[in-house]
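In what follows, a structure is listed as structure tokens, so that the remarks can point back to it.
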Amino acid sequence: MQIAQVIVDVPTRQTNNPYSYLIPDTLKDQVMVGMRVEVSFGNRKVTGFVVAVTNKSEFDGKLKPIDSLIDLAPVINPELLKLSSWLADQTYSFKISCLQTMLPGGMRTRNQKRLIAKDDVIVQQHPEIFHGHQEIDYNQKRADDKTVATVLKLQRAGQIQVVENLTHHTHPMMLKAYRGEISPATAQSALAKVRKNATCQIKLLDLLMKHPNQTFLQSKLTADGITATTLKTAQQRGWLKKTAVQRVRNPFLRPTKPTAPLQLNADQKRAVDQINTATTQRADQVFLLEGVTGSGKTEVYLQSIAHALALGRTALMLVPEITLTPQIVARIRSRFGDQVAMLHSALSNGERHDEWQRINSGQAKVVVGVRSAIFAPLKNIGLIIIDEEHDSSYKQSDNPRYQTRDVAKWRAGYHHCPVVLGSATPSLESRARAMKGVYQLLTLPHRINRQALPHVSIVDMKEVATKRQGILSDQLIDAISSRLKRREQIILLLNRRGYSSFLMCRDCGYVPKCPNCDISLTVHKDTHTLNCHYCGHKEPIPMVCPNCHSNRIRFYGVGSQQLEEQVKQLFPTARVLRMDVDTTRRKGAHEAIINQFGAHQADILLGTQMIAKGLDFPEVTLVGVLNADSALQFPDFRSSERTFQLLTQVSGRSGRADKVGEVIIQTFNPDHYAIQLAQTQDYERFYATEMRVRHDGKYPPYYFTVKVTGSAANENQTAAEMFGILNFLKDRLSSQAIILGPTPKAITRINNRYYYQIIIKYRKEPQLRSALDQILMDSQKKQRAGLQVAIDNEPLDFM
DNA sequence: AGCACGCCGACT
DNA sequence: GTCGGCGTGCTC
């Protein structure tokens, strides 16, 4: 008897282990480990992953059979299955969440219910449910409590039937098409019969004559000028038959010319040689490739990938969320052609699914992608690269809260291949490991074109008078106008996390706040609303102060919209492009702005963080950073590191080609070491200084950290529960462990829930793991009381 | 998650 | 006496 061990899609602690199901005869020899199945669990149907097939079960109750198979082939290979268990352990999350995370979005299933009333009487009795229809779609989540109760009662009484089916989120995209049904000869004779001026029909018959028995996409036919009416008549006459073809998506919009490897300089060559040796020897060595901006890291990646491919192995390259620009993809694809698959957040579910299939089937040998691409089902990996390894997008912010570097190292261990972590400004964690010899340090200290780094100057904003609301200093304004005269390009970076401008009454100081969250509302001029960035609450901008009825209620703070307005006022003839969350929401908008700026169709590009990375515009000779220090004001131990990294990175954007670049940094903290050292791009001294700070403050990389966050609708309850957790931890951990909190989070209330946190800093706590497991176990019970507990292992911040 | 089971207050 | 509130435990 064959029994499948199934991890069901019920994310709770109690169901975080496999359940046994009988494999019915009809599915014998079909059910394989790594496939998804549909099973009855309790009294409903859920999806599950088969994690093992055995011939006996530990469970001595009566086993239920598997209802059906969702996949025709395994979607999780043995490696990823093993990885999922490790990941669940590592991140304190459920196995099912980990398995689900490994699949491309859109392959996940959702449960849909349909209610069928037994007779008309029921329909009449419950108009609020059935709205006069006998069959309705039913969404338990959207229904209110009363409806749910009524539905349950009716179901138990057998008066309605509930039909469940698990539907796939995405279907292969089908395109309308027509197949030619007639021979060239028939077409010829038909052609003789149509009216002379029936141009459409003539065109169509011509096509059918030249390409007999072919299928044509409707979109192509209409593009050729054949109208829908013509197609309809053609169908009636039996010339064509309507069909559909599955769309083969190709996310690479532009065709690329093949390129040859570039000549390497001595530093690059040394790096490539060492990486290649590790690949050849199947050593799971981690390299830290430290190279200033423009030192040719990408070429090192490409030639190392080429080496892995030459050995018959595959390669995985990860880049940060916003850096995966068409520029980079084009460069990789021009070297490796169709072997490249891309996994990008801007892909539609369908496109991502297609790319995933190409990887899973072995067609694609090189995968380029963002964080989640670390789970790409590549086989026989020869090299894993993480570019800009310090980037914060490599840590997932919700469950499973994994750090991509750690997953990469796990997979490297499995495949016996090297990992290359690349950065101009490595994270302190990675650099510290390189210093200890855990990682091997490779450096590229020179820019490829031997060009000097741009000249960086710092403007002390404390000394700038508050005239003109003081966003732009005179130095920056002068520099901008001189570039405009020379027809060179300018980038203005607004370093403001969650950039925002708020409303304040000049008479009484009233600031509109979100009714659900402890945060002021943000002005959105385009929609004329005040928005909450945390819960999505929107309200119109008031004309008079709701508190004192004064009409002197004005905007404060600098958002990118405000900056754009000011720049346009100061330089009315300059062409300005703005890039921020608002202007890039639409698909492809990001790319369009970059292309437009790259083609010099604008003089000034302004925006938030997203313009700081990876873009290469040779005509840019000035970069201005406004509020360079806004991150420094956050109570976050990583804020200096982030500021330094950001400033170094933007500075690299200026003067990349043959023109000398200039960078102007505006700040209120001109003496802060992160800003001072960014001016000279002195990573070594920054590393030394910051390590000192981390050492004294007992922060990573000297200490391991865990963040425990608790939230509930009631503030007192949240605090009380967190104090309970604190006492429990104190009991279980050694006196060496530092336990901070519980403290309310920076934004205590979000969506009417109160958030408190506890931070644990430690070096060696063998009991920690079981203590945290216990906390999660206990919190499961309290969840009914509205308490939610989340654990973040090695959080990026303590906020 | 979702549902059943079981134990206490206010009602036809 | 019962109906229904929600605290607790289980789902192969």
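Under numbering that gives the first Met the number 0, the first sequence has 524 at position 525, and the numbering climbs by one with no breaks. Note that beta-carbon positions come from the ideal geometry of N, C-alpha and C, so glycine has one too.
Using a Cβ distance threshold of 7 angstroms, K256 and S333 count as a contacting pair.
Distance from the CA atom of V49 to the CA atom of I65, rounded to whole angstroms, is 10 angstroms.
The beta carbons of S391 and R370 sit about 10 angstroms from each other, so the pair does not count as a contact at 8 angstroms. Residue pairing from DSSP leaves M31 without any beta-bridge partner. Per DSSP, reduced to three states, the secondary structure at Y413 is helical.
Distance from the Cα of D386 is smallest, within the candidate group A407, P376, L377, for A407. In the DSSP assignment, G104 is bridged to no other residue. Here the alpha carbons of F335 and V36 stand approximately 37 angstroms from one another.
Per DSSP, reduced to three states, the secondary structure at Q735 is coil, with no helix or strand assignment. In the structure shown, P743 falls within a strand segment according to DSSP collapsed to helix, strand and coil.
A distance below 7 angstroms separates the beta carbons of Q787 and S710. Residue range 588-597 is occupied by the alpha helix (DSSP H) that includes F596.
When DSSP states are grouped into helix, strand and coil, E387 belongs to the coil group.
In the DSSP assignment, N530 forms a beta bridge with T521, K537.
DSSP places P77 in the uninterrupted alpha helix (DSSP H) bounded by 77-90. Close CB contacts of T229 within its chain, under the 7 angstroms cut and outside five residues either way in sequence, are with C199, Q200, L203 (chain order). Within the segment 238-311, the complete beta strand (DSSP E) segments at least 3 residues long are 239-245, 285-290, listed from N- to C-terminus. Between L493 and V522 a beta carbon distance of about 15 angstroms is seen, past the 8 angstroms cut, so the two are scored as non-contacting. Closest option to V543, judged by alpha-carbon separation, among G368, P511, L68, L86: P511. By the Cβ neighbour-count rule, S472 is buried, with 16 or more other Cβ atoms within 10 Å of its own. Looking from the CA of G293, the closest CA among S778, L676, P794, S653 belongs to S653. Every beta strand (DSSP E) of 3 residues or more that sits fully in the segment 431-486 is shown, in chain order, as 439-443, 454-459. I746 and Q356 have their C-alpha atoms spaced approximately 42 angstroms apart. Rounded to whole angstroms, T185 and E350 show a C-alpha spacing of 40 angstroms.
Membership of R684 in the alpha helix (DSSP H) is indicated by the continuous run 682-695. Sixteen is the threshold: when 16 or more other Cβ atoms of the shown chains lie within 10 Å of the Cβ of G295, as they do, the residue is buried.
Counting only the Cα atoms, K744 lies some 14 angstroms from Y533. By the Cβ neighbour-count rule, H414 is buried, with 16 or more other Cβ atoms within 10 Å of its own. Under the criterion of beta carbons closer than 8 angstroms, L631 and H671 qualify as touching, at roughly 6 angstroms. Spatial neighbours of M798 in its own chain (CB-CB distance under 6 angstroms, excluding positions within 5 residues in sequence) are listed in chain order as D635, A745. Contact fails between the segment 663-677 and the segment 439-448, because fewer than three Cβ pairs, one in each stretch, are under 8 angstroms apart. Secondary structure note for N359: its alpha helix (DSSP H) is the uninterrupted segment 348-359. Annotated three-state conformation of G623 is strand, per DSSP.
For I22, there is no enclosing beta strand (DSSP E), as DSSP gives it neither H nor E.
Boundaries of the alpha helix (DSSP H) around S188: 183-192. For N594, the closest alpha carbon among the candidates V580, R585, D615, D579 is that of D615.
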